[in-house]
Structures are given as structure tokens and as C-alpha cells.
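For what it's worth, the working numbering labels the leading residue of the sequence shown as 30, then goes sequentially. All C-beta atoms, glycine included, are put in the ideal place defined by N, C-alpha and C. Keep in mind that this is a model prediction, so the values were computed, not measured. Data block below; observations after.
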Amino acid sequence: MTGRSRTRSLVAIIGMIGVVGLVFGLTAPLLNLLLERQGMSGRMIGLNGAMTALGALIFTPFIPSIALRVGPFRLLFATLTATALLLLAFKLFDDYRAWFALRFLMGIAVVVPFLISEIWINQIATPQNRGRMLGIYAACISAGFGTGPLLMQVTGVGGWTPFVVAAALVLVAMGAISMARGDSPYLDPMGHKSPLPYVRAAPLAILAGLMYGAIETGIFGLLPVYGVRSGFGEGMAATQLTVIAAGNILLQYPVGWLADKTPPRRVLMLCAVTGVLGGALLPALKDSVLMWPLLFVWGGTITGMYTVALTMLGQKYTGLALASANAALIVAYNAGAMGGPPLLGQAMDLVDPDGLAYGLAGFFVIFLVANLLVPRERSAPSA
Numbered sequence: 030m031t032g033r034s035r036t037r038s039l040v041a042i043i044g045m046i047g048v049v050g051l052v053f054g055l056t057a058p059l060l061n062l063l064l065e066r067q068g069m070s071g072r073m074i075g076l077n078g079a080m081t082a083l084g085a086l087i088f089t090p091f092i093p094s095i096a097l098r099v100g101p102f103r104l105l106f107a108t109l110t111a112t113a114l115l116l117l118a119f120k121l122f123d124d125y126r127a128w129f130a131l132r133f134l135m136g137i138a139v140v141v142p143f144l145i146s147e148i149w150i151n152q153i154a155t156p157q158n159r160g161r162m163l164g165i166y167a168a169c170i171s172a173g174f175g176t177g178p179l180l181m182q183v184t185g186v187g188g189w190t191p192f193v194v195a196a197a198l199v200l201v202a203m204g205a206i207s208m209a210r211g212d213s214p215y216l217d218p219m220g221h222k223s224p225l226p227y228v229r230a231a232p233l234a235i236l237a238g239l240m241y242g243a244i245e246t247g248i249f250g251l252l253p254v255y256g257v258r259s260g261f262g263e264g265m266a267a268t269q270l271t272v273i274a275a276g277n278i279l280l281q282y283p284v285g286w287l288a289d290k291t292p293p294r295r296v297l298m299l300c301a302v303t304g305v306l307g308g309a310l311l312p313a314l315k316d317s318v319l320m321w322p323l324l325f326v327w328g329g330t331i332t333g334m335y336t337v338a339l340t341m342l343g344q345k346y347t348g349l350a351l352a353s354a355n356a357a358l359i360v361a362y363n364a365g366a367m368g369g370p371p372l373l374g375q376a377m378d379l380v381d382p383d384g385l386a387y388g389l390a391g392f393f394v395i396f397l398v399a400n401l402l403v404p405r406e407r408s409a410p411s412a
């Protein structure tokens, strides 16, 4: 791949995934607010939202085989088209029970762009810049997620407008990725099609994805509740999330740079230590101005775990093996996204409200212990 095609592919991927992140950041809170208007309980809203992660969790292991058979670019376009249609279907079938099925299908559709783009970025990257390129990628996703709720203030919550805007944005994402149609990632037939062998071969990277899923979804779902229970107004609680999102965006490039210059495992250890300290210190600093820099660094630490995990897989695998290993990482993320929030919510109920911070610190402690116990990543599975 020439330097020009690498640049073209990088711009196309980042443009697409940033828009997809924006759509996801818009629709997830939009649907939950609409369910809240219908008088649904928090438990039922949470179950409805979990269908997206469940769809992704079930479908992701099959993506490498399907992409190998039909081609990654065709699969990418098919799922983006399905995403646009599903967004309109939410308004067309405005029923809580129908949304269970639609959100499940949305999880299947939306996970493909993330997996294909992560494989693609890893193939474009070189050993010298892989961490930084993946840092830029992660920052663009975070920027999309963070901008989505702001867009909802423009589109409003009721009516067709937010759904039509979201579907139109998916078409923009399709246009962006079309710039690199001739440079789609290559999947050679060598390597396992199943993600399972890569869980055993790269346990630390996969565990980082699991913890990232649990911690990220727990923070973005429960931190506003934590803020309100701590005596902050709703606006201040929302600002806490904004500061964490800023850390997600601005610190990914430095984290990626560090993963390029030092062993990624050490960077994961640094992220985990920072995560433990952040969770332990937050209850003591929540009434201090020091809370804001703490949240900023904490935010970058959380997403940094996923950035470094992607870097580790890109250093180790190529082709179909990379696709399957990446699928294992996404399966782990979605498993964490389903299991983390209920556990953290229970912790917050047991120690109200600081159980959330201590529970998040506990997840980082688990990862620290695993980092110490796993002596080294195992060799890659044979084809």
C-alpha cells in the first residue's frame, strides 16, 4: 500500500467511524429518554438498552468468516445500510416490545463497522506508529460519542427529526468510506476463524477489552446518578461526564505514543494503576476543585486500555488471525458492557453513592492482579 493510499484509507476510516460514533452517541440516549417519557422503569430501560450489546456479543464471532466469504467492504456497506433502515424503523415501530428486537439487530449491524475499521487501521499502521494511529482512531470515536448527546439538543427528542438526521448521517459515513473502496483490508485465509483461541493466546489484551467495556459503560451510565446522589445538580453531574469524555479524546494520542515507545504491557499497567488511584481518590476529592483534573486523567486512562489492547493485537497478528483476535476483543468488550453496570449499580446501592467509585477501582485492581499473574502473552494460534 502506497503512502497516498494509506493516507486516503486513514482519512476515510476515521471519517466513517467518527460519524458512526456520533450516530450511536445520539441514538442511545434518545431511545432511553423516549422510554422514560413512556413511564418505563429504570430496570426495563436498562434491559432494553442491553439488547444492543447482546446482539453484538452473539454476532461478532461470525464476522471474520462472513467477511472472508463476501468481502469486508461489501459486509461493511450492507451493515451500514441496515443501520440506516433500523434507525427509521425505531420511529415507524414506536413500541417498547418492538424495540427489543430492533436494538438487538442494531447491535449486529453497528458492530461490523467497528471491527472492520479496527482491522483496517491495524493493517495500515506500521510498527513505529501503530499506537499513535489507534490513539487517533479511539479519540475520534470518543469525540463522536461525546458529540451525539449535544446533537440531540438541536434535533429535539420527539418526532421524526432525530431519526431522519441519524439515518442521514449513516449515509454520510458510507460516503466517507467510499473514498477508500479500492483499499479495503485484506483477509488471507490463514488463521483461526473462531475468536476463542485468541482469548487463550492473548489473555491480557482480551481482559483489557472486558474491563474497558465494564468500566466505560458503568461510568457513562451511572456517573450522573453518582453526581446527583453526591449532592450535585443535574447540570454539574453532566459536566463530570463531559470532562471524562474530554480526557477520552485528548489523551489517546499520548497513550498511543507511549505504547509505541515502551512495551504495551507496561502502558496497561500504568493505566490500571491510574484507574485504581482515580476510583480511590474520587470520594475524597468530589467536593474539591481537584476532582476535575482527576476525572480528565481518569477518562483518558479508561479508553487508553482499549487503545493499547488493539495495539497489542496489531503487533501480533495479521489477516484473518487479526480479524478473529479483534472479534475476541469486541466480544469481551460487550460482555463487560452487559455485566459491569449491574455490578456497579449494586455496589452503589450497598455503599451509597461512593460504592460506584470503589467498584470501578476494584475492576482496575482485578486487571492489575491479572497483569502480574500472566507471565507473558502466549504464542499465536496456528492456522
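In the three-state reduction of the DSSP assignment, K290 falls in the helix class. The three-state reading of DSSP puts N158 in coil, since its state is none of H, G, I, E or B. In its chain, beyond the 5 residues on either side, P142, A202 have a beta carbon closer than 6 Å to the beta carbon of V49. Between the C-alpha atoms of Q281 and T110 there is a straight-line separation of about 30 Å. Remark: fewer than three beta-carbon pairs, one from each stretch, lie closer than 8 Å, so the segment 108-124 and the segment 370-378 are not flagged as touching. Scanning its chain for C-beta atoms nearer than 7 Å, with the 5 sequence neighbours on each side dropped, one finds around A301 the residues F393, F396, L397, N400, in chain order. Cα atoms of P214 and A237: separation of roughly 25 Å, rounded to the nearest angstrom. Per DSSP, Y227 is one residue of the alpha helix (DSSP H) stretching across 225-230. Around L311, the same chain offers A386 as residues with beta carbons nearer than 6 Å, after the five sequence neighbours per side are excluded. Listed in chain order, the non-local C-beta contacts of A357 below 6 Å within the same chain comprise P224, Y227, V228, I235, local neighbours out to five positions each way being set aside. Here DSSP, grouped into helix, strand and coil, assigns W128 to helix. Contact annotation: G54 and G242 have beta-carbon atoms that are not nearer than 8 Å.
Following the DSSP letters along the chain, one finds P322 inside the alpha helix (DSSP H) bounded by residues 320-345. Comparing alpha-carbon positions, the option among I244, L270, L324 lying closest to G368 turns out to be I244. Residue M162 holds the alpha-carbon nearest to the alpha-carbon of S38 among V183, M162, I170, G175. Counting the other CB atoms within 10 Å of its CB gives Q152 a total of 16 or more, which places it among the buried residues. Counting along the chain, no alpha helix (DSSP H) covers L280, and no H or E run does either.
Excluding five sequence positions before and after G285, the CB atoms of its chain that fall closer than 6 Å to its own CB belong to G160, R161, L163, G164, T336, given in chain order. The continuous alpha helix (DSSP H) containing R98 extends over residues 92-99. Note on geometry: alpha-carbon atoms of T268 and F192 lie some 26 Å from one another.
Between I331 and G308, the gap from beta carbon to beta carbon reaches 8 Å or more. The DSSP-derived three-state label of S34 is helix. Distance from the Cα of Q344 is smallest, within the candidate group I148, N277, L86, for I148.
Assignment of V186 by DSSP, reduced to helix, strand and coil, places it in the coil class. In the three-state reduction of the DSSP assignment, G50 falls in the helix class, which pools H, G and I. Less than 8 Å separates the beta-carbon of I46 from that of S146. DSSP, read as helix, strand or coil, puts M69 in coil. Sequence-distant partners of D289 (beyond 5 residues in either direction) whose C-beta falls short of 7 Å from its own C-beta, in its chain, are Q157, N158, R159, G160, R161. Judged by beta-carbon spacing, L342 lies beyond the 8 Å limit of L349, meaning their Cβ atoms are not closer than that value.
L104 has its alpha-carbon roughly 15 Å from the corresponding atom of L114.
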